[in-house]
Each structure stands twice: as C-alpha cells, then as structure tokens.
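Novice: As they're listed, the protein sequences go chains A and B.
Under my numbering, the first residue of the first sequence is numbered 48, with each subsequent residue one higher.
Under my numbering, the first residue of the second sequence is numbered 48, with each subsequent residue one higher.
We put the beta carbon where it would ideally sit given N, CA and C, even for glycine.
Remember, it's a predicted structure, so these values are computed and weren't measured experimentally.
Number of protein chains: 2
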Amino acid sequence: MNEPLDRFAGPAREALPRLTPDERAVVHRELRELENGDHGGGTLLDGLRKLAAQVPERLYTDSADVLLRMHEIAGSGNHQSNLSSLPLVRACFALGLVEDDGRGRPAELVVGRGHIAPAFYAEHYVRGTLPFTPLTTLHQGGLTGVVHRDLGFRNTMRYSLGVGVAQAVSLAWELTRRGEDRKVVCLAGDGELHEGVAFEALRFAHDMGLTNLVLVVDANAKGIEPLPKPVNTGYLAAYLGRLVEVDGRDEWAVEAALGALLAMPGPAVLVCRTRKGDHSFKPAGTPAATPARVSFASTAGRMLAAHRERTGRDMTVFTADMAARFGLRGHVPYTNTGLAETLTVGMTLSLPEDTLKVVATDAMYYMDSLSMLTEATTGVRNLLVLAGRSWGAWGGAHNATNLLGLLLHTRVYEPVTEAEFAACLDRLSRHPATTHVVSMVDAKFDPPAADCSADLDGGVWLTPPAGDAPDAAVVTFGYASVLVAEANRELGVPHLHCAALAPELDPAVLDVLSRCRRVLSVEYNGARGGFGERLRSEYLLPVEVHGVRRDIANLVHPRQLPLHGMSTAMLRERLSGLLESREAGRAPAHA
Amino acid sequence: MNEPLDRFAGPAREALPRLTPDERAVVHRELRELENGDHGGGTLLDGLRKLAAQVPERLYTDSADVLLRMHEIAGSGNHQSNLSSLPLVRACFALGLVEDDGRGRPAELVVGRGHIAPAFYAEHYVRGTLPFTPLTTLHQGGLTGVVHRDLGFRNTMRYSLGVGVAQAVSLAWELTRRGEDRKVVCLAGDGELHEGVAFEALRFAHDMGLTNLVLVVDANAKGIEPLPKPVNTGYLAAYLGRLVEVDGRDEWAVEAALGALLAMPGPAVLVCRTRKGDHSFKPAGTPAATPARVSFASTAGRMLAAHRERTGRDMTVFTADMAARFGLRGHVPYTNTGLAETLTVGMTLSLPEDTLKVVATDAMYYMDSLSMLTEATTGVRNLLVLAGRSWGAWGGAHNATNLLGLLLHTRVYEPVTEAEFAACLDRLSRHPATTHVVSMVDAKFDPPAADCSADLDGGVWLTPPAGDAPDAAVVTFGYASVLVAEANRELGVPHLHCAALAPELDPAVLDVLSRCRRVLSVEYNGARGGFGERLRSEYLLPVEVHGVRRDIANLVHPRQLPLHGMSTAMLRERLSGLLESREAGRAPAHA
C-alpha cells in the first residue's frame, strides 16, 4: 500500500502538460521518490509529509501564488473564495490550530467553509508540510476541493451546506460532556450562515450554555452573488455574546484577535471583513471569440423566458444563489434567496394560484427541504422545481432525483433537448396541481437525434428495433440517453429514450421489450428506487439495472463518468455484452 | 352538496354520548337544520355561519370554556397550547384580523402556530359565527386541529414545522411585489422559532427590506418540554427592528400593542409572555388504578436502557422535543434539541466512533434533514435513527419511511416486539457503518405470535402455509403485520411477517411465494417505492401492493385506518378476495 502514490500519481501525470517546466521537474522528482520509497503505513498526510521532507525545495513561497497555480492547473474551482479566507487560514496555522506542533493544539478547528480546503493545502505547501504533486490534482481525483478527514481536517463535508457549524457545535457539546475545557473554532462564511441549520446550531449552543465555541466568520459579503445585506452582527452577538470585528485581509489582525478570544473565557464571534472576486474560477486568456459550449442547465433562463413570451404568464423565480448556474440573468427576473433552500421552497406557498412558481437549486439541496417541498407540492399550483444535476466537484447525493420522485403530487423529468424542457412546462400548464420536478443537467452535450417532446411520459426509440422481436434492448433515462447513444453508435442495440423518471410505456413498446431476451436500463442516477427498478416494479420486466451504486465523489464530471460505469467505453462494453451473451432467463436486477 | 352536513354529521353523531344533555340538544337541532336547509353553495365556512345564525343560542360565552369542552369531547389535543394563545387569538378577532367586517381586514393573518386552530373555532363560537356541532368533531374527521384554508384561515399547515413564518414572508414579499402596503401578521410560537427555516425567513425578510411583516410570538417558554432559555429578543430585534413585549395573558394589552404596531410603519415583533401547562391533553378523572396500555414507541426509552445495561456501551440520545413520545425520561439520559430536527441529526457528527448515537423524532420531520442525515449515514458510525410513526392528528407524510430507506448506508426496520427492537440494536452493533432507521409505531397493540428477532432481515410465517404450494399468501411489513394478523384470524391465509423494509427472503420462502396464484403485500406506509414494490422490483414477484396511496390526514389513528383500507374489516375483505378470486396471472401492482 502506497496511498499517496495510488491517489496522486495518475492525475498528476495527466496534469503534466499544464505545468511549467520547473513544476514538471519537481513532480517528476516527487513521483520518483514515491515510487522508490515507502510512504504508506501512517495516514495519507503522514506519507505526504514524508515526501515533502524528501523534496524540500519550494517553487513558491506565497500561498496566494500557490492557490492561483492550483486553480490554473485544475481549470476550475473557487479561487476567490479561497483567497478571501487565506488570511484567516494563515492565522489558524500561526496559532497552531492546523498542525500539532507537539504541544497539542490550543483548540479544535472545524472548517465550515467547506470549499476552502485548497487554501489549507497551499499554506501547507509553503510551510513544507505538503509536496507539490498533490496540488496538481485538485478536483481530478487527487485532492478534493472540500475539507475531508483523510486530508488532515477535523471534519468532512459532503452534502449539507451549513453542516460545519453543526459539526462544531456537536464537538463543543461532546467536549463539554467529557468535562474538557478545550475550545472549538468554527471557520464559517457569511453566506453559509444563511442556512437554517447554522442558526439551529448557534441557538442550541447558546441555550445549552456552551462556553467553548468561537465562530470565525469570513464576511466577504458575497455568496456566489453579492449578499443583499452584510452579516447581521446583532444576531450573532445575541447568541455568542462577545463579538469582535477585524480587517480580514490583515492576517496579523486576525491572528491577534483570534488568539485573544481563545484566551478569554466564554463563547465569541470574530467577524473578519474580507473581499472576494468572482465565485467560480475562470481560466485567464480564454479567447473571447470562441463561442463556448454551455451546459444544458445554464440554458434554463433562456428557455423560461421563451415560455413566458409564449404564454404571457406571470412568473416568479426563486433561486438559492444559483442564478448563474441556471442562466437566469438577463432572461427572467429572479429573487436570490441566498443559501436558504428550505425558504426558497417556502417562498412559493402564499403566491397567487395562476402564477408560475419556479424554484431553482441543486437537486441535492432539496433533500433538506422535502417536508417543506411536500407542503408545496400538496398546496401550491403551477410549481416548477428545477433540480440541478452536476455529479460535480462539490458532490451531490446520487439518489436526490429518486427521492424527489417519491413526493406527493410530483412527476420528475430529465429533459435533454429544448423541446423536452418546453414540453415539461406545457405539461405543467395542463396539470397545475402536479408539481413538475425538472432535473437540469450541468453537462455540455449535443441533443440526441429524437426526443420525447411529443409524448413526454412515453419513450422514443433513438435506435429503433429492426424487427418486432429484437434479441436485446436498452432503455435509458434523461442524460444517460445521451451517453448511451454515443456508446451505441456502432453497435445498433435498439435504444429507447425516456424523459420521465416514471414513464408510462405504451403496449406496443412493452410488447417489444417483453420479447427481448435481455433488457438493460441505464440511468446516471441512483439505481436504488430509480428508473430501472421502477420498470421492474411497474411492468415486471426483467430489466438489468445499470445506475449509480456508490456515493458521488468530489470530482469533476469527466472523472465521475468512469467511477460509475458511465464512460463511453464502459457503456459500449456493457451494450456489447448484451448482444454476445447467450444465457437467457430472468436476470437479477443487480447483474 | 351539503358540505357541512357531509363533513360534520357523522362524527358529531358519534360524539353524542360524550356530550352534556344541553350540548346534545343543540347538536340535534343543528343537525336538523343542516338536513333540512341548504348550507352548501358558498364556502364551508359560509355554510357554518348560516347554521350558526339559524341556531343562535350559545351554550358557553367564554371561549376558554369552549376550548376545554372541545378537548374533553375529543379526548386528545393541545389544550394548553391553545389556552396560552387564546388572548392573542382574541386580540386578532378584536382587531378585525380574522373576520372581514365589510371594511376589509386591516392586515393579513398567517397562523404559524399551526395547532391553535381550536382557539379560533372556540372564539368563533362565542362570537356566533360557528355552530356548536363542528366543535364536537375535533380530530375525528370534522374539524382539524391544525389551521386549514377550508376552515377560514389564510394558510394551511401540513408537514413542516416553522412553515408559518415562511408562509408569512412569502405573502409579505408578494404584497410588496404587487405594490400593496398591507401588513402581514404572523402568529408564531417561541418553540417553533427554533426551526431553521423560521430564521431563514426572518433573515430574508430583513435583507430584502420587507417593511410589512409583524411577528407575534406566543412566548410561553415551552415546547412539549420547557425551553432551556426564553426567546432571544436580541436576535428578533436584530432582524425585525422594533420589538415590544407585553403580558400575553392580558388580551387588552396584546390588542393595544398589536394595533399600535400595525399602525406604525416598518416591521416589528410583539413578544407576548404567556403561560402553558402540559402539552398534550389528558382527560381528567382517568382512574389511576387502571394500568393504561402504552404505545410501542413509548417503550423505546425502557428498551434503550435495557440495551445499555446489556452492553455497557456509551450512549447519547438527542430528541427534537419528543422525549415523552419515546418514553425516554427516567430510562436514559437525553438531550432535548428543541424543534430543530436538522441540528438533532447534526449533533451526531462529531461524537466518538464507538458511542451509540440515537436521534429521535417523527419520521416526517427527518424529511427536512435528509442531506444532513446522508452526511451522518456516510460519516458516522453506530447511528440509530428512531422515526416515530403516528399516522396521527398532526399528519405525517406517508412516504417518509420509504425516503429514509433510500439514503446511503441505511437499513430500515419496523419492529413490533421488544425482541425485534433489541435485534435492531444488535444488528447495528455488528454493522456499525450502516445507519439503522427504526420506525417506531405510536399505536398500542399486542405483539404478534412470532417475530423476526432471530432473523431480522428475513420473514417469519405468522400463519404458515399448509402445504408447500398454497393458493395465495400475504406478506406484510411491520405494524401492518399486526393489523393483518387480526384480520386473518379466521381466514388462515398464509401470512409472512417482515420487520425489514427491504427483506432478504430465503429461497424456500421465495419458492412458496412464487408458486402462489396470488400474493398480496400490505404495508401501513406509502405504497409508492415501498415494501411491496420492492418485492416486485427485487424478486419480480407479481405481488399486489396494498399500501397508503393518499395523503395522511389530520385525524386520530382509529380514523386513519379506514381511510387507507387498513381497518380489520377492510383487510379481511381484501384477504377473502384473495382466496375467492379465480383469475390467475400477473396481477398489476395497483390492483
């Protein structure tokens, strides 16, 4: 076992062409050391520390430069968010909160601003406790952009925004229960504090009389978009008592203030006024003349505008800070509710019946709002729920779409063409009491040759069967149809595409499928309780279900595909297997 | 259509034996009027108003007396909660917020304290705008204990605690958007303000500069249990600006203060200091000598204590104000997190691996915490999730258990014996990385003759098949097994009981089932994506699925049973049909 080698060598080698000659030379040296030496045994971080000691030369001495290079190499990420927190991160290092210097850490550090892990890596690098190689692998299967225990953090974040404050309060409570008087420092963002659970945690800490919580707020006044108002210090002081404000761009001021607060008894909050540029990293020098392909999700704003134009209908759009992701700006008016997904849904509850109500956030974020959403699906008419699907660097529960599909009075669709999206809206107009959940794919792709716009609840053959009794067939849902169509290009397996998570297949189609020796279903979605299992359950078709079975990881989309058996090559192999195999009979769901 | 008659006559007649002679006489007169007259046409409330005018005599002139009688007749409810808000409700009537007196209401009223609907009914009654008959039908299919648009409220509440504040902010935003300067009064409880979404809504209203929200807080310092600290006025003032405190037991003081706040420009909060007795109504004069049967859920505390005794294991228990429901007090130490379900789950995130972490709330309330729960099911070991199942007066999403079953690293069980509950805990000890969700039934019942404690993931025959190829069989999940066993007593249909939502049936059992001409599955749970559909999907068994298909209503348990085809008589008929019917073949899932 050589965990550092296993984890970083592959993606680092792939990154080589994007490195400077000096960087490349260091990576080569580090990889040689990794191949020759023993860096396993301890934790992943121990192995990396050992490697850093073996190749001590530093290419950069300022962690801000390192951060920029990491994002340039990765080509994506939250560079500005990391920059805004960098002085806070440096202060945490300076106070001994990050690394045990042998005297024991003066306090526990919980990083609630989950996606500033790169700022820690960068600072580790310039301090000589991390080699260069991992830095070249951000979002590419090596380093994750969000904090993880494996990489030296006290906490791991996966799903829930605002989870960090809860983790900090959980820890503060536990230390209190054990009679330890150590403090817990929670590094949070001002946007993240909009999450209801952050309030629940602070209120609880106050009401339980916890005295060991120190909240450090990176107050850059910006989520993805600017916050409408600065962080409310009156609120924070009401729950945490002592409140100190500093210039968060001055790492010495942060260090001094935080050090003082740690030395004083009782809870406290340190508000660090910082500044932040654009949320998402955009590589410099992208030629403006090249018309970039855009993700399907980011065309939502334009498609909504077209619908409004067509119908003349009153429309309200609420988004949990994701206007850019859905391409709303310049197309439809919208209200940014900030990082407050439950309220985003709740905002639809008292609007006029005929108004089209659109809510837009990541599919995963609705999972902390399913009661509120049920309140809306049972009581609100003309409700359109846009559920972003990224399988992206921030993660995303693979079963979110299936969970949404189980709500009362709800139908789920995953359109892959503009016409299918329009059909979803038209169907909602005809069935206003049914909430239409529309899964919006972040990927960039060409539309398939045919679509379900004429029969949104049915299926359409992308590759029709030659006769009426083909040997095998594949049935796919939404974006998986695009992936399978590509893999099937030269194979010609009869291929049925569905836009509905729970399709209503017509007798002729069912007849074809039931005569197939083998039927495969493919969904880029949780297999459990999803599209394929519904086909089995609804029609008792012996469908072999191909879907996501493991957790979505913190990786960019192209790296997620092979993780879940969704790359073109893997799908092609699966389809070929269908044709070759001669065993017949009732296949198990989980072949 | 005579909606008042259809809705109230049945339950009112059933209530007659519990009424005083005077009450009975009035109900008889009102029912006669209803039968003879036309009370349909307008809204339900219009019909009731008409009836109240036709039988104008009042049995009571003090709404507190009416409230007491309503709860005595119902035998359950939140009498003290209603009493604590009664002066606030009277002030709302006095200010014209409840009934349009022809001059238009001075402001919109959203009742966030959802279960104080009875206080409004009581006040309506003494004011002559509601007849007596409906009051005798609370929780019994007539009046609902929570606010509903059908009964004259501006908002309806079903699922989500804290939804009222979101509804109020949604309305305040909409009025602002339309350029109307009317205010929105939101009547909330101090416990309810612990919900994260209430914060999300207040923060948003503040940051968006909404000037038309007036929050009225019934600050009785009690949820179901006493709050650890009084409502935080600093917090409320930080978001709403003007804050006034009054003695909430003095209706004149409330009226004066609220009237003044409505007349002033800008948002405001009125904190009404009130007092509240026991949360749940207990009928007076229940003989103490009678040992009452208790619900299965309320034995959780005793069973957890037994486990702790047996294993000597460190255990933490967090409950969202439901210690009484799970019978925790006196058996295991617990921490009441208040009405903050997401935090309740979050509190498990930073505890030691080996500690047994128990979280306990209603199954429905986890639905606003499924991302946080996924965070826990993927990162926390030894996690036991107790999910209360009431099908009760407050409602409850019928699909909650199925949703929980789709989370990563999760197994769901619904034990119906003490031994099955212990088996769940033992299984968790053996599989600490799998979160065990244990559905805890509120009903009182005798344990079945056999259980799955020896093989928790399998099935056990409660009525074994006579030969190895029976004509029909029934397979049931959890509490449904108890109901079906009762219905099957004289029928003798082979009956397999499962404690696991996703059982792993052994080949012998599968062989028997696959040879049956018909197999019925029964679950007191959402049919969609539930137990029976999993049997179909997993084993391709042509199971006919009998489960809950419509929304859970605000009714007491005995009235829920026939609503969902779960009464003994209805189940007996379903089982008899299995035996009689001669049609064979693949039955549809939704027969």
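Considering only DSSP beta bridges, list what Gly435(B) is partnered with.
Specialist: Asp409(B), Met487(B)
Novice: Taking DSSP as the reference, what is the three-state secondary structure of Glu533(B)?
Specialist: helix
Novice: Could you give the DSSP three-state label for Phe524(A): helix, strand or coil?
Specialist: strand
Novice: For Arg97(A), I'd like the list of residues in its chain whose CB is within less than 7 Å of its CB, leaving aside the five on either flank, ordered along the chain.
Specialist: Sequence check: residue 97(A) is Lys here, not Arg. So the list reads His86, once near-sequence residues are dropped.
Novice: For Val263(A), write down the residues that DSSP places opposite it in a beta bridge.
Specialist: Leu234(A), Leu317(A)
Novice: Please list the segments of the alpha helix (DSSP H) lying wholly inside the segment 120 to 201 of chain B, counting only runs of 4 or more residues, in order along the chain.
Specialist: Fully enclosed alpha helix (DSSP H) runs of 4 or longer: 126 to 141, 164 to 173.
Novice: Does Arg436(B) have its Cβ less than 8 Å from a Cβ in chain A?
Specialist: no
Novice: What three-state label does DSSP hand Gly57(A) in the structure shown?
Specialist: helix
Novice: Do Arg289(B) and Gly306(B) count as a contact pair if the criterion is CB distance below 8 Å?
Specialist: no
Novice: Put Val216(A) into one of helix, strand or coil per three-state DSSP.
Specialist: helix
Novice: Could you name the residues that DSSP lists as bridge partners for His542(A)?
Specialist: Thr510(A), Val521(A)
Novice: Please list, in chain order, all residues of the same chain as Met419(B) whose beta carbon is under 6 Å from its beta carbon, the five residues on each side excluded.
Specialist: Thr389, Val392, Gly393
Novice: Residue range of the beta strand (DSSP E) that Asp493(A) falls in?
Specialist: Per DSSP, Asp493(A) belongs to no beta strand (DSSP E) and is neither H nor E.
Novice: I'd like to check one pair, Glu155(A) with Val244(A): are the Cβ atoms closer than 8 Å?
Specialist: no
Novice: Helix, strand or coil: how does DSSP classify Gly426(A) here?
Specialist: helix
Novice: By DSSP, does Ala638(B) sit in helix, in strand, or in coil?
Specialist: Note on Ala638(B): pLDDT 38, under 50, position unreliable in the model; the coordinate value appears next. Coil, per DSSP.
Novice: Do Ala72(B) and Gly281(A) have their C-beta atoms closer together than 8 Å?
Specialist: no
Novice: Would the beta-carbon of Pro484(A) fall within 8 Å of that of Val432(A)?
Specialist: The displayed chain sequence assigns Val, not Pro, to residue 484(A). Their beta carbons are under 8 Å apart, which means Val484(A) touches Val432(A) by this criterion.
Novice: Can you tell me where the beta strand (DSSP E) with Phe365(B) in it begins and where it stops?
Specialist: 362 to 366
Novice: Is Lys97(B) helix, strand or coil by DSSP?
Specialist: Note: Lys97(B) maps to helix in three-state DSSP.
Novice: Identify whether Gly452(B) lies in helix, strand or coil by the three-state DSSP scheme.
Specialist: helix
Novice: What would DSSP say about Arg289(A), mapped onto helix, strand or coil?
Specialist: strand
Novice: Return yes when the Cβ of Val521(A) is within less than 8 Å of the Cβ of Val529(A), no when it is not.
Specialist: no
Novice: Using a Cβ-Cβ cutoff of 8 Å, what residues of the segment 549 to 576 of chain B are near chain A? List them in chain order.
Specialist: Gly573, Arg575, Gly576
Novice: In the DSSP output, what is Tyr460(A) paired with across the bridge?
Specialist: Val485(A), Ala547(A)
Novice: Identify, in the order they occur along the chain, each residue of the same chain with its Cβ nearer than 6 Å to the Cβ of Gly632(A), setting aside the five sequence neighbours on each side.
Specialist: Note that Gly632(A) scores 43 on pLDDT, short of 50, meaning its location in the model is unreliable and no value can be drawn from it.
Novice: Below 8 Å, how does it come out for the segment 539 to 547 of chain B and the segment 496 to 515 of chain B: are there three or more Cβ pairs, yes or no?
Specialist: yes
Novice: Return the chain-ordered list of same chain residues with a C-beta closer than 7 Å to the C-beta of Pro635(A), the five sequence neighbours on each side being excluded.
Specialist: Unreliable placement is indicated for Pro635(A), whose pLDDT of 45 sits below 50; no coordinate value is reported for it.
Novice: For chain B, check one thing: does any of its Cβ atoms lie closer than 8 Å to the Cβ of Trp299(A)?
Specialist: no
Novice: Using the beta-carbon of each residue, which ones in chain A are nearer than 8 Å to Asp254(B)?
Specialist: Leu274, Pro275, Lys276, Gly385
Novice: Only counting the same chain, and skipping five residues up and downstream in sequence, which positions put a Cβ closer than 6 Å to that of Ala248(B)?
Specialist: Val212, Ala213, Val216
Novice: Between the segment 254 to 265 of chain B and the segment 260 to 280 of chain A, can you find at least three pairs of beta-carbon atoms closer than 8 Å?
Specialist: Verdict: yes, contact present.
Novice: Let's see if you can read the secondary structure: which residues bound the alpha helix (DSSP H) around Asn30(B)?
Specialist: The requested residue 30(B) is not part of the displayed model; chain B covers only 48 to 638.
Novice: Which term fits Gly359(A), buried or exposed, when burial requires 16 or more other beta carbons within 10 angstroms of its beta carbon?
Specialist: Exposed, by the Cβ-count rule.
Novice: Leu608(B) and Asp518(B): beta carbons closer than 8 Å?
Specialist: no
Novice: Cβ of Gly270(B) within 8 Å of Cβ of Leu386(B)?
Specialist: yes
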